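**Student:** Residue numbers (this note's numbering), protein chains in the order written: chain U, 1019 to 1375; chain F, 155 to 463; chain P, 229 to 754.
By construction, the Cβ of each residue, glycine as well, lies at the ideal position given by its N, Cα and C atoms.
Everything numeric in this text was worked out from a predicted model, so none of it was measured.
Sharing a structure with you now.
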Amino acid sequence: MKYRVVLRRRFKTGLLFEGVLPVLSVAVALVFAGGALSIFGVSPVATYRAMFRGALGSGYGLSEVVVKTIPLVISGIAVALAFRMKIWNIGAEGQIYLGALATAAVVRYFPSGNQAVMLLTMTAGAALAGGAWGYAAGFMKSRWNVNEVITTLMLNYIGLHLADYFIYGSWRDPSSLGFPMTPPFPPSARLPQFFGTRVHLGIIAAVILVLVFRLVIRWTRWGFEIRAIGDNPRAAVYSGIPYGRNVELVLFISGAIAGLAGMTEIAGLQGRLQPGFSPGYGYTAIIVAWLARLNPWAILVVSFFMGVLLVGGETIQVIMRLPLASVQVIQGCILFSVLGFEFFRNYRVFLVRKESG
Amino acid sequence: MEVLIPILAAAVRSGTPILYATLGEILTERSGVQNLGLEGLMLMGAFMGFSVTHATGNPWLGVVAAFVKGAAISLVHAFLSVSIGANQVVSGLAVAMFGTGASALLGRKMVGLTVTGFGKIPVPVLSGIPVIGPVFFDHDPLVYISYGLAFFLYWFIFHTRPGLNLRAVGESPIVVDAMGLSAARLRYVYTLVGGGLAAVGGSYLSLAYTKMWSEGMSAGRGWIAVALVIFALWNPVRAILGSYLFGGVGAMQLRIQAAGTSFPAPILMMMPYIFTILVLLVISVKKGKGILLGSPGALGVPYSREERT
Amino acid sequence: MSTVQQEPLVTMRGIEKVFVGVRANAEVDFDLDRGEVHTLLGENGAGKSTLMNILSGLYTPDSGSIAVKGLPQAFRSPRDAIRAGIGMVHQHFMLVPTLSVWENVALGLEGNSILMDKDLIVKRIRDIQDRYGIHVDPMTPVWQISIGEQQRVAIIKALYRNAEILILDEPTSVLTPQEARALFETIRQITAERHGVVFISHKLDEVMDISDRITVLRKGRKVATLPVAEVTKESLAEMMVGRKVVFQVGKTLQNPGRVALEARDLVVRGDRGRTRVDHFSLDVRQKELLGLAGVSGNGQEELCDALAGIRKIEAGSIKVDGYELAGRPIREFQKRGVSYIPADRMGTGLVRGMNLRENIALRKYWRKEFTRFRFFIHWENIAGRTGQLVERFGVVHPGLGYPARMLSGGNLQKLMLARELTDDPKVVIAVQPTWGLDVSATLFVRETLLEQRDKGAGVLLVSDDLEEILSLSDRIAVIHNGRLMGLVEDPDSVTEEQLGLMMAGTCLEEFRPHSAEAPFAPGKVV
């Protein structure tokens, strides 16, 4: 008896399916990553256990996870906005750095004793700087059709080195014993922290952004426009929606939001600008947005999960002396697995008995 | 001129890993698949080449192992892009992440070790030619192979039967299928070969360039190679020029630093990336909004034969 | 052309193929003899292409048997079919645009060496060209040659592989009547060499002209196979549709009013930067349907894109109701009452992933009645409107919240008409609006367009179907290579032949002097 696989296109998916599929794909990814780890000579059980304990085993760990969730949510929203229009903003990392850089510049050149004023100017500066970084890619795309994947990627590196230029150069704290970092920010330039943990005001910003994102995409004209462009740019142009202008606008806003993540990160957490302050939030944001299928609520959940991974990664770095980059093995596996499971979202698979022949 | 020779020679050396990766990606993209994961593939190649060479003492085995490893990781990408029809940008990023992480994890015990690797073998006669000789013919064998490879691939793509199939499948897979060739199989083959070549480029770093392993040693070359494919307009011979240009920028950077000038290092470090953007800009502005010459029409678009909507 | 037959070239028995729950072919039998032209006739979606895609190895049948020259075959890929001597010229030709003509012919040729003998291939191409009288320069890249020439390349490609069974899928839809006749000559040449030709079409006139036998398919099933002597156009049409068909749409005469759409000296570039519309002028008056005839790919789509404000114009003027709109944003065209039904429904007119409500909203969401507080969309109003429209235009749908890609071609077109033809447009531009639709949907679309005309709109109808143009138009303009070849004031005064010559690039003036009062106004409008 022979069987034949028959595929049928799936047009609508149920809520249960939407919920189960990501969980299943992450579970499979963890199994695969575990397999990879054991091939690399690391015990997956010990690794996962250490990661779990480090991230969720204590109140402190949990609060650290939330701390990492904040920039992931913010930059995840930034990336998701661009992805909604099928614009590949791979440059959130660079935009985060630019936001942080602008924040440090505001603190250095326009200090104020008033916390509210400071907060406002830092936010504006960070959003403008991050936005400019995004806009650069958008401008080149809309004018000359330069591939935004490449430009945003390159801008990441440029942004990172630009920050280094100042941190290692004129902004370096003379009293830092040669460590590359700016002087600590004054209290007025610090975001308030809550519950005696390092969880800071950024969490409010993150939640607000999630709500606004939902509102914009679902209920506004502009949201409709960018969804139309994302689904079918030709039809959008036919409908009178300007493509180029929206590319520029979306990349500006996306960059601005990511820039905000840079601001909350250094004003809320670090209190100064130092190299490598972001452990690749901008890249992880891409996983977040993708795994969440651009759904804002899901972005919250996925960001938290990625936060667990990052804190877990730090734990295994300390306890098991594994390189921090090991987390990327797990992240890569998750992406692979999610992409693979995408297939089941698009197709229903049947086994059909084959007649002889 | 005399002063320039060492810089030019260094440009060739420093451009060689980029050249391999770019050539690989040209093959992959010509078949209609985009693999953004070169950075991860190069790192895996660098590690694989190094560890096999360290174990066997034979750098050639290291290169072969790197190729196989690169092809093996690309198999996942090929499966997702070709068989599943998944998003290639995301899959490529996953390759980059996985490769970066896995190489770091695997290589953690290799840090600090060295290998003999590849040494300089001047080409008789040719290396005696003034300027050209020391710049192009006073290197290790992998450099010479890369020359040959670039010209071979040019010939292969534009003048052979499989090359014709390759160009066709990147442009119109449905036509290739209708002519009785399997579009999927072609895409698999070139994605694997392309990934293998990127990994060979990585192995050049650990076997010839530095002769040691360090985490993240490809330092963004993989991303630059992705951009270089556009600069080269998917033409292997133009890739030589592009790779050495970038190699030159990298070599200059080292030299300026070594000279102990006060020129800030971060500014030097960002030069290749600024340069990449500028180059892309020039190409795109020149072409206007028209279609980039050589850009495969079906690049990044999944294809399945019996899809009816 | 019937001779004593030994063995049929092709025998297909009981062919079954199911796609996504639709039986594209059900128990179909089909034979092809040596030296005959066997036509497959049927409406769009009747299963003609599916059957031939099975014969050419692109699809595998779910069940059924195929024999070629008496030998049973189980094609696993097109390569097997090519080896068996089957050559298919697809509707979209299956050529790689960036490759040259000879490279396209060489693609997929079997051979052991990785090298290609270019000189030999080119020489053989030239031999075939001489033998069948089909000429194309082998060195030119395919994207630079006309669609008619591309078809010749596709035929050469099949003949190069010694195809004894040539399948032509809707070959005349892209040709002028003259080019079609040249093609028929080639076909006769091929059958004279005792090869067999399968001809797929839904145009009854040419079917009667070229066929030896005709097989009619309807909804995937074979209705009948008959020699051409035993059928009439009417009986074929009835078999195709399953009931009696009235070909004429009821067209009442109208007195055209003022000029609704005026275009002067338009110059428009195509996607590859070449000039596609070259100093084109035209007027569409109120209560008038102006037919624009031409072989597809001669700048019609670029022209219409420009007239609807979607494509930038290099020079010229566009006036709607007297207002100059050249260089203005698309939305202004919309506000002035320009409706546009583009040729590419799924690619341009609708968004496949969006639901019916959103697709209705697509060109109207910015209107006051559909927004709240200016920036927000009033989805309730849009849903209400969608419900009304869908009912009025008879769109069959699974639910307003389902994505558009679930709708059939006819219903998609109705959805688009529903969006574009409400609110009394002043100008309606419709490009190939009946392409790919079945008879009843075609009738619906044509009647709806005429209804718009009667209500006072100026309708510009672009079609490569001359029958459609002739039966619907009040006046006919002909475009060739982006230029206006002539304007026919009275469609009854012109023959298909004359239109065909204009479509092939002959200016109207050149064969003008057969009428004293000059029904034509070449290149210029009143």
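Hey, Leu1039/U and Arg1363/U: beta-carbon distance below 8 Å or not?
**Tutor:** As a position in the first sequence, residue 1039/U is number 21, starting the count at 1. As a position in the first sequence, residue 1363/U is number 345, starting the count at 1. Yes, they are a contact pair.
**Student:** Opposite Phe508/P in the DSSP bridges: which residues?
**Tutor:** Taking the first residue of the third sequence as 1, we reach residue 508/P at position 280. Partner(s): Leu494/P.
**Student:** What does the Cβ neighbour count give for Val157/F, buried or exposed, with the cut at 16 atoms within 10 Å?
**Tutor:** Along the second sequence, one-based indexing puts residue 157/F at 3. Classification of Val157/F: exposed, given that the 10 Å Cβ count is below 16.
**Student:** With a cut-off of 8 Å on the beta carbons, I'd call Thr268/F and Met366/F a contact; round off their distance for me.
**Tutor:** Residue 268/F sits at position 114 when you count from the first residue of the second sequence. Residue 366/F sits at position 212 when you count from the first residue of the second sequence. Contact flag correct, Cβ pair sits at about 5 Å.
**Student:** Excluding sequence positions up to five away, which residues of its chain have a Cβ less than 7 Å from the Cβ of Gly1046/U?
**Tutor:** Within the first sequence, the letter at position 28 stands for residue 1046/U. First, the amino acid is wrong: residue 1046/U is Val here, not Gly. Once the five neighbours on either side are set aside, the close Cβ partners of Val1046/U are Ser1355.
**Student:** Between Ser326/F and Val364/P, how many whole angstroms is the CB-CB distance? I'm expecting something under 8 Å.
**Tutor:** For this step, residue 326/F is matched to residue 172 along the second sequence. For this step, residue 364/P is matched to residue 136 along the third sequence. That belief does not hold up - the Cβ atoms of Ser326/F and Val364/P are roughly 18 Å apart, past 8 Å.
**Student:** If you measure from the beta carbon of Phe1354/U to each beta carbon in chain A, is any gap under 8 Å?
**Tutor:** Absent here is chain A; the protein component of the structure consists of chains U, F and P.
**Student:** I'd like to know if Thr345/F contacts chain U, where contact means its C-beta is closer than 8 Å to some C-beta of that chain.
**Tutor:** To locate residue 345/F, count along the second sequence from 1; it is residue 191. Closer than 8 Å: no.
**Student:** Shortest alpha-carbon distance to Asn709/P belongs to which of Val505/P, Tyr388/P and Leu649/P?
**Tutor:** Looking up residue 709/P in the third sequence gives position 481. Of the candidates Val505/P, Tyr388/P and Leu649/P, the one whose C-alpha sits nearest the C-alpha of Asn709/P is Val505/P.
**Student:** What does Gly374/F touch in chain U if you count any residue whose Cβ is under 7 Å from its own?
**Tutor:** For this step, residue 374/F is matched to residue 220 along the second sequence. Within chain U, the residues near Gly374/F are Tyr1175.
**Student:** Please report the straight-line C-alpha distance between Ala386/P and Ile418/P, rounded to a whole angstrom.
**Tutor:** As a working mapping, residue 386/P is identified with position 158 in the third sequence. As a working mapping, residue 418/P is identified with position 190 in the third sequence. Each residue's alpha carbon lies about 12 Å from the other.
**Student:** Does any CB atom of chain U fall closer than 8 Å to the CB of Val433/F?
**Tutor:** Indexing the second sequence from 1 puts residue 433/F at position 279. For Val433/F, the answer is no, since every Cβ of chain U falls outside 8 Å of its Cβ.
**Student:** Determine the chain P residues that contact Ser1257/U at a beta-carbon separation under 7 Å, and present them in chain order.
**Tutor:** The sequence position of residue 1257/U within the first sequence is 239, counting from 1. Neighbours of Ser1257/U on chain P, chain order: Leu590 and Arg591.
**Student:** Pull up the distance between the alpha-carbon of Phe748/P and that of Leu736/P, whole angstroms please.
**Tutor:** Translated into the one-based positions of the third sequence, residue 748/P becomes position 520. Translated into the one-based positions of the third sequence, residue 736/P becomes position 508. Model confidence at Phe748/P stands at a pLDDT of 42, short of 50, so the residue's coordinates are unreliable and nothing is read from them.
**Student:** With 8 Å as the threshold, decide whether the Cβ of Thr239/P is near any Cβ in chain U.
**Tutor:** Locating residue 239/P in the third sequence gives position 11, where the first residue counts as 1. No - not a single Cβ of chain U is within 8 Å of the one on Thr239/P.
**Student:** Could you check what DSSP says for Pro300/P in three-state terms: helix, strand or coil?
**Tutor:** Locating residue 300/P in the third sequence gives position 72, counting from the first residue. Pro300/P: strand per DSSP, three-state reduction.
**Student:** Compare the C-alpha of Gly1350/U against each of Lys274/F, Val243/F, Phe290/F and Trp214/F and name the closest.
**Tutor:** Looking up residue 1350/U in the first sequence gives position 332. Taking only the C-alpha atoms, the option nearest Gly1350/U is Val243/F.
**Student:** Whose C-beta lies closer than 8 Å to the C-beta of Gly629/P among residues of the same chain, with five residues either side of it excluded?
**Tutor:** Translated into positions along the third sequence, residue 629/P becomes position 401. Excluding residues within five positions, the ones whose Cβ falls inside 8 Å are Asn583, Leu584 and Arg585.
**Student:** Name, going along the chain, the residues of the stretch 1303-1323 of chain U whose beta-carbon falls closer than 7 Å to a beta-carbon of chain F.
**Tutor:** If the cut-off is 7 Å between Cβ atoms, the stretch 1303-1323 of chain U has Ile1304 and Trp1308 near chain F.
**Student:** Check the Cβ of Pro369/P against every Cβ in chain F and list those closer than 8 Å, keeping chain order.
**Tutor:** Reading the third sequence from its first residue, position 141 is the one you call residue 369/P. Within 8 Å Cβ-Cβ: nothing; Pro369/P doesn't reach chain F, min ~11 Å.
**Student:** Buried or exposed for Pro557/P, going by 16 or more other Cβ atoms inside 10 Å?
**Tutor:** Locating residue 557/P in the third sequence gives position 329, counting from the first residue. The residue is exposed, with fewer than 16 neighbouring Cβ atoms inside 10 Å.
**Student:** To the nearest angstrom, how far is the alpha carbon of Asp294/F from that of Thr176/F?
**Tutor:** Sequence index remark: in the second sequence, residue 294/F carries index 140 (1-based). Sequence index remark: in the second sequence, residue 176/F carries index 22 (1-based). So the alpha carbons of these two residues sit roughly 19 Å apart.
**Student:** Starting from the C-beta of Val706/P, find all residues in its chain whose C-beta is less than 7 Å away, skip the five residues before and the five after it, and write them out in chain order.
**Tutor:** Sequence index remark: in the third sequence, residue 706/P carries index 478 (1-based). Within the same chain, Val706/P has close Cβ partners Ala521, Gly522, Met713, Gly714, Leu727, Met730 and Met731.
**Student:** What did DSSP end up calling Thr415/F once you bin it into helix, strand or coil?
**Tutor:** Along the second sequence, one-based indexing puts residue 415/F at 261. Correct three-state label for Thr415/F: coil.
**Student:** Please check if any C-beta of chain P sits within less than 8 Å of the C-beta of Met1242/U.
**Tutor:** Within the first sequence, numbered from 1, the residue matching residue 1242/U stands at position 224. Note that residue 1242/U is Phe in the sequence shown, not Met. Interface residue, yes.
**Student:** Tell me which residues of the stretch 1139-1172 of chain U have at least one Cβ-Cβ distance to chain F shorter than 7 Å, keeping chain order.
**Tutor:** Listed in sequence order: Met1158, Trp1162, Asn1163, Val1164, Asn1165, Val1167, Ile1168, Thr1169, Leu1171 and Met1172.
**Student:** Determine the DSSP secondary structure at Val265/P, reduced to helix, strand or coil.
**Tutor:** Within the third sequence, residue 265/P is the residue found at index 37, counting from 1. In the structure shown, Val265/P sits in a strand (DSSP, three-state: E or B).
**Student:** Which same chain residues end up closer than 6 Å to Pro1204/U when comparing Cβ atoms and leaving out the 5 residues on each side of it in sequence?
**Tutor:** Along the first sequence, one-based indexing puts residue 1204/U at 186. Taken in chain order, the list of residues that qualify is empty.
**Student:** Provide the residue span of the alpha helix (DSSP H) that contains Leu700/P, from first to last.
**Tutor:** Working through the third sequence from its first residue, we reach residue 700/P at position 472. Unbroken alpha helix (DSSP H) run through Leu700/P: Leu694 to Leu700.
**Student:** Using only alpha-carbon positions, find the residue among Thr1169/U, Ala1343/U, Val1125/U and Val1319/U that is nearest to Ile1095/U.
**Tutor:** Mapped onto the first sequence, residue 1095/U falls at position 77. Measuring from the Cα of Ile1095/U, the nearest candidate turns out to be Val1319/U.
**Student:** Pick out whichever of Leu335/P, Pro484/P and Ile362/P has its Cα sitting closest to the Cα of Ala332/F.
**Tutor:** If you number the second sequence from 1, residue 332/F lands on position 178. Comparing Cα-Cα distances from Ala332/F to each of Leu335/P, Pro484/P and Ile362/P, the minimum goes to Leu335/P.
**Student:** Any C-beta of chain U sitting closer than 8 Å to the C-beta of Ser168/F?
**Tutor:** Mapped onto the second sequence, residue 168/F falls at position 14. Output row for Ser168/F: interface = no.
**Student:** For Leu1138/U, which three-state DSSP category applies?
**Tutor:** Translated into the one-based positions of the first sequence, residue 1138/U becomes position 120. Leu1138/U falls in the helix class under three-state DSSP.
**Student:** Could you compute how far the alpha carbon of Leu665/P sits from the alpha carbon of Thr430/F?
**Tutor:** Taking the third sequence and counting its residues from 1, the one referred to as residue 665/P is at position 437. Taking the second sequence and counting its residues from 1, the one referred to as residue 430/F is at position 276. Taking the straight line joining both Cα atoms gives about 49 Å.
**Student:** Please work out which residues of its chain come closer than 7 Å, Cβ to Cβ, to Gly638/P, disregarding the five sequence neighbours upstream and downstream, and give them in chain order.
**Tutor:** If you number the third sequence from 1, residue 638/P lands on position 410. Leu665, Asp666 and Ala669, listed in sequence order.
**Student:** Helix, strand or coil, according to DSSP, for Met574/P in the structure here?
**Tutor:** Locating residue 574/P in the third sequence gives position 346, counting from the first residue. Here Met574/P sits in helix by DSSP.
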